[in-house]
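**Student:** 0 is the number of the first residue of the sequence shown in numbering that gives the first Met the number 0; add one for each residue after it. For every residue, glycine included, the Cβ atom is placed at its ideal position computed from N, Cα and C.
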Amino acid sequence: MTNGAEYDIIILDKYPVNKTAKIIRKEKQMKLRKRIIAGFLSALFILCSVSLPVAAAADPYTWDGTSVLAADRTYYIKSNITLGKSLTVPAGTVMVLLRGTSVTVPYGITLDIKGRLVADNGASLIINGTLNTYGGSALDIDGTMSASGRSAVSLSGVTLLSNTAQTAFAGTLDANSDFTSYGEIGVTGTARFNAKSYIGGKLEIRNNAQVINTGTMTLGNDCSYTLKGMFTNSGSGSCTDNRRATDASAMSVETISLYTTDALTGIDVSWAQGDTIDWAKVKSSGIDFAMIRSSRGRISDDYPMTSDTYFHENMKGTMQNGIPAGVYHYCYAETVEEARDEAKFVLSLISGYEISYPVVFDIEDQWYVKNGYSKQTLTAMTEAFCEEIANAGYLPVVYSYASFFNSYLDMTALSKYPVWVAHVDTDKPAYSGTYFMWQYSWKGSISGIDGDVDMDHCYVDFDAYTRKFGLNGRK
């Protein structure tokens, strides 16, 4: 049995019909076609909505250097890009620097990585500002990564440097999570390894640089280790040396215990102690080292730059009695160029003496504060003095009060230079940075010296250190 619609169509097709019947048949056929088309479109819509994947989120994109990065995408860098503002690589997003390209982070700009950044072999990541990686992120370097003297790099994600990687850190590096390197690492600033680290390639600690390990470091079998700067195991830090015996004997890890009672004890003296110091008695009292005031800068035309009244006498006294000695210069420079001149003056004074401890830049005078000297200017003056000293082959150190360090010097920019901090009558200086010498008293009493004398702790055997690495003209 057929329904009425089919019957009507059949009748109209089988028998002659009048004009009205033909119109009825045509209208019913059109309605049927519409129902079929509507059903097909509905099915197609459902199929597209349910079954077809959205591929856009997984497609690679070429980043133009300015647009905001979306989450869960892969971006390719195909040209040289300098960031004009701070940038975040979101979680789930991958940024790939292709061969022959570079990304530069200028000073004052921050690159935050919460996803993953990959620098291919032949690509360059250049940090003049700040680079931060976060927990759950990854930094993979197959090419080059360089961080300048004013840079700050903080790595809290997983870091992997392949065997083709070449990296250089002149500012501060804080590795706060797993850090693995099979490539080359050059340190001229301060690098702190605060977690688990594996060094399987080349580690070069250059002159005046500091590598501080507070975590668990392993030097691999094939690690090549060059030490001109300073390697320190601080606090609970430990270093396992798996290098071949021949390499290990030639390039031993220097272990320095910071902030312990094992510190060396010394004094610093100047004209204030007069010309009556009995250095033989000082030696017998158990003093390990002495810091001698060499000079001061120019105060005015009436008071030009000059050596300390008893500098030569004190230097001869320490040398004759076998007391390791360094020198310090009191700064009065008003410009960067004057700071360089002061350094050259010090170098002329110490020529001919065996300087086994550092050459120190003493910048502390409240005149700078009263006259509104900026942190930038004071930092530049300090850096200029230290550069002159370092370029002459001597080990420079910066001395000041804890409060002066904290308020008037950019210690990130100066991080490559060891610190001698002054803070008396306290169990520990109020300075959060790393220091290698601490002036802890101005009222010490030592056999061989009449009156009060400044007392110091030193956490580095600078005598052995400068001799081992041929600094200060020593062999």
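Measuring alpha carbon to alpha carbon, tell me which residue in SER180, THR425, ASP361, SER233 is nearest ARG292.
**Tutor:** Position 293 of the sequence shown, counted from the first residue, corresponds to residue 292. ARG292 has its Cα closest to that of ASP361, out of SER180, THR425, ASP361, SER233.
**Student:** Would you mind sorting PRO105 into buried or exposed? The rule is 16 or more other CB atoms within 10 Å of its CB.
**Tutor:** As a first step, residue 105 must be located in the sequence shown, where it is residue number 106. The residue is exposed, with fewer than 16 neighbouring Cβ atoms inside 10 Å.
**Student:** For SER444, report the span of its beta strand (DSSP E) as first-last.
**Tutor:** Position 445 of the sequence shown, counted from the first residue, corresponds to residue 444. Element bounds for SER444: n/a, residue is neither H nor E.
**Student:** First and last residue of the alpha helix (DSSP H) that includes HIS456?
**Tutor:** Looking up residue 456 in the sequence shown gives position 457. Counting along the chain, HIS456 falls outside any alpha helix (DSSP H), though it belongs to the beta strand (DSSP E) covering 452–457.
**Student:** So, are the CB atoms of ARG242 and CYS222 less than 7 angstroms apart?
**Tutor:** Mapped onto the sequence shown, residue 242 falls at position 243. Mapped onto the sequence shown, residue 222 falls at position 223. The answer is yes: Cβ separation under 7 angstroms.
**Student:** Go ahead and pull the three-state DSSP assignment for VAL104.
**Tutor:** Locating residue 104 in the sequence shown gives position 105, counting from the first residue. Looking at VAL104 - three-state DSSP - the assignment turns out to be strand.
**Student:** Can you tell which of TYR407, ALA391, SER350, LEU394 has its C-alpha closest to the C-alpha of ASN370?
**Tutor:** As a position in the sequence shown, residue 370 is number 371, starting the count at 1. The shortest Cα separation from ASN370 among TYR407, ALA391, SER350, LEU394 belongs to TYR407.
**Student:** So LEU68 and VAL88 are in contact, right, with Cβ under 8 angstroms, and what is the actual spacing, rounded?
**Tutor:** Numbered from its first residue, the sequence shown carries residue 68 at position 69. Numbered from its first residue, the sequence shown carries residue 88 at position 89. Rounded, the Cβ-Cβ distance is 6 angstroms, consistent with contact.
**Student:** What residues in its chain sit with their C-beta under 6 angstroms from that of MET229, if we drop five residues either side in the sequence?
**Tutor:** Counting from one through the sequence shown, the residue named residue 229 turns up at place 230. Cβ neighbours of MET229 beyond the five flanking positions: GLN209.
**Student:** Can you pull the DSSP bridge partners for GLY185?
**Tutor:** Locating residue 185 in the sequence shown gives position 186, where the first residue counts as 1. ALA167, GLU203.
**Student:** Leaving out five residues on either side along the sequence, give the residues of the same chain with a beta carbon under 6 angstroms from the beta carbon of ALA90.
**Tutor:** Taking the sequence shown and counting its residues from 1, the one referred to as residue 90 is at position 91. Closer than 6 angstroms at Cβ, skipping near neighbours: LYS113, GLY114.
**Student:** By DSSP, does VAL423 sit in helix, in strand, or in coil?
**Tutor:** Within the sequence shown, residue 423 is the residue found at index 424, counting from 1. Residue state, collapsed to three classes: coil.
**Student:** How about the segment 329–346 and the segment 377–391: do they share at least three Cβ pairs that are nearer than 8 angstroms?
**Tutor:** At 8 angstroms Cβ cutoff, the stretches touch.
**Student:** Three-state secondary structure (DSSP) at SER223?
**Tutor:** As a working note, residue 223 is residue 224 in the sequence shown. Residue state, collapsed to three classes: strand.
**Student:** Applying the 10 Å Cβ sphere with the 16-neighbour rule, what's the burial state of TYR302?
**Tutor:** As a first step, residue 302 must be located in the sequence shown, where it is residue number 303. Exposed, because fewer than 16 other Cβ atoms sit within 10 Å of the Cβ of TYR302.
**Student:** Give the range of the beta strand (DSSP E) segment to which ALA118 is assigned.
**Tutor:** Here residue 118 refers to the residue found at position 119 when the sequence shown is read from its first residue. Per DSSP, ALA118 belongs to the beta strand (DSSP E) from 115–118.
**Student:** What span of residues does the alpha helix (DSSP H) with THR485 cover, start to end?
**Tutor:** Residue 485 lies beyond the range of the chain shown here (0 to 474); nothing can be said about it.
**Student:** What is the DSSP secondary structure of LEU130, reduced to helix, strand or coil?
**Tutor:** Here residue 130 corresponds to residue number 131 of the sequence shown, with the count starting at 1. Strand, per DSSP.
**Student:** Taking all protein chains shown into account, do 16 or more other C-beta atoms lie within 10 angstroms of the C-beta of ILE388, making it buried, or fewer, making it exposed?
**Tutor:** Here residue 388 refers to the residue found at position 389 when the sequence shown is read from its first residue. With 16 or more Cβ atoms within 10 Å of its Cβ, ILE388 is classed as buried.
**Student:** How would you write the range of the beta strand (DSSP E) that GLN209 sits in, first residue to last?
**Tutor:** Your numbering for residue 209 matches position 210 in the sequence shown. Looking at the DSSP string, the run of the beta strand (DSSP E) that includes GLN209 is 209–212.
**Student:** Spell out the partners DSSP gives PRO303 in its beta bridges.
**Tutor:** For the purposes of this step, residue 303 is identified with residue 304 of the sequence shown, where counting begins at 1. The partner list for PRO303 (beta bridge, DSSP) is empty, contrary to what the question assumes.
**Student:** Across the segment 120–140 and the segment 152–171, are there enough close Cβ pairs to call them in contact, namely three or more that are closer than 8 angstroms?
**Tutor:** Taking 8 angstroms as the limit for Cβ pairs, the verdict is that the segment 152–171 does touch the segment 120–140.
**Student:** From LYS77 to LEU413, what distance separates their C-alpha atoms?
**Tutor:** Stepping through the sequence shown from its first residue, residue 77 is reached at position 78. Stepping through the sequence shown from its first residue, residue 413 is reached at position 414. Approximately 35 angstroms between the Cα atoms of the pair.
**Student:** In angstroms with no decimal places, state the Cα-to-Cα distance between ALA279 and ASP462.
**Tutor:** For the purposes of this step, residue 279 is taken as the residue at position 280 of the sequence shown. For the purposes of this step, residue 462 is taken as the residue at position 463 of the sequence shown. The straight-line gap from Cα to Cα measures roughly 19 angstroms.
**Student:** From VAL459 to THR376, what distance separates their C-alpha atoms?
**Tutor:** As a first step, residue 459 must be located in the sequence shown, where it is residue number 460. As a first step, residue 376 must be located in the sequence shown, where it is residue number 377. Near 30 angstroms, if we compare the C-alpha coordinates of THR376 and VAL459.
**Student:** From TYR75 to VAL396, what does the alpha carbon distance come to, in whole angstroms?
**Tutor:** For this step, residue 75 is matched to residue 76 along the sequence shown. For this step, residue 396 is matched to residue 397 along the sequence shown. Near 44 angstroms, if we compare the C-alpha coordinates of VAL396 and TYR75.
**Student:** I think VAL418 touches PHE403, with their Cβ atoms under 8 angstroms apart; what is that distance to the nearest whole Å?
**Tutor:** To locate residue 418, count along the sequence shown from 1; it is residue 419. To locate residue 403, count along the sequence shown from 1; it is residue 404. Not really, about 11 angstroms apart at Cβ, beyond 8 angstroms.
**Student:** Only counting the same chain, and skipping five residues up and downstream in sequence, which positions put a Cβ closer than 6 angstroms to that of LEU124?
**Tutor:** Your numbering for residue 124 matches position 125 in the sequence shown. So the qualifying residues of the chain are VAL102, ALA118, MET144.
**Student:** What separation, rounded to the nearest whole angstrom, lies between the Cα atoms of GLY99 and ASN120?
**Tutor:** To locate residue 99, count along the sequence shown from 1; it is residue 100. To locate residue 120, count along the sequence shown from 1; it is residue 121. Going from the Cα of GLY99 to the Cα of ASN120 covers about 9 angstroms.
**Student:** Classify VAL368 as buried or exposed, calling it buried when 16 or more other Cβ atoms lie within 10 Å of its own Cβ.
**Tutor:** Residue numbering aside, residue 368 sits at position 369 when the sequence shown is read from its first letter. Looking at its Cβ environment, which holds fewer than 16 other Cβ atoms inside 10 Å, VAL368 is exposed.
**Student:** Within 10 angstroms of its Cβ, does ALA271 collect 16 or more other Cβ (buried), or is it exposed?
**Tutor:** Translated into positions along the sequence shown, residue 271 becomes position 272. Result: exposed.
**Student:** Identify every residue that forms a DSSP beta bridge with GLY265.
**Tutor:** The count along the sequence shown starts at 1 and reaches residue 265 at position 266. The partner list for GLY265 (beta bridge, DSSP) reads PHE288, ASP455.
**Student:** With a CB to CB cut of under 8 angstroms and the five nearest residues on each side skipped, what residues in its chain are close to TYR400?
**Tutor:** Reading the sequence shown from its first residue, position 401 is the one you call residue 400. Counting only Cβ-Cβ distances below 8 angstroms, and skipping sequence neighbours, we find GLU363, VAL420, ALA421, HIS422.
**Student:** Which first and last residues belong to the beta strand (DSSP E) in which TYR367 is found?
**Tutor:** One-based indexing of the sequence shown puts residue 367 at position 368. It is not in any beta strand (DSSP E) - TYR367 instead sits in the alpha helix (DSSP H) that spans 365–369.
**Student:** Keeping to the same chain, check which residues put their C-beta closer than 8 angstroms to that of PRO323; ignore five residues upstream and five downstream.
**Tutor:** By one-based count along the sequence shown, residue 323 stands at place 324. Cβ within range, chain order: ASP287, PHE288, ALA289, THR317, SER355, TYR356, PHE461, ASP462.
**Student:** In whole angstroms, give me the CA-to-CA distance for THR109 and ARG149.
**Tutor:** Numbered from its first residue, the sequence shown carries residue 109 at position 110. Numbered from its first residue, the sequence shown carries residue 149 at position 150. Using only the alpha carbons, I get a separation of about 13 angstroms.
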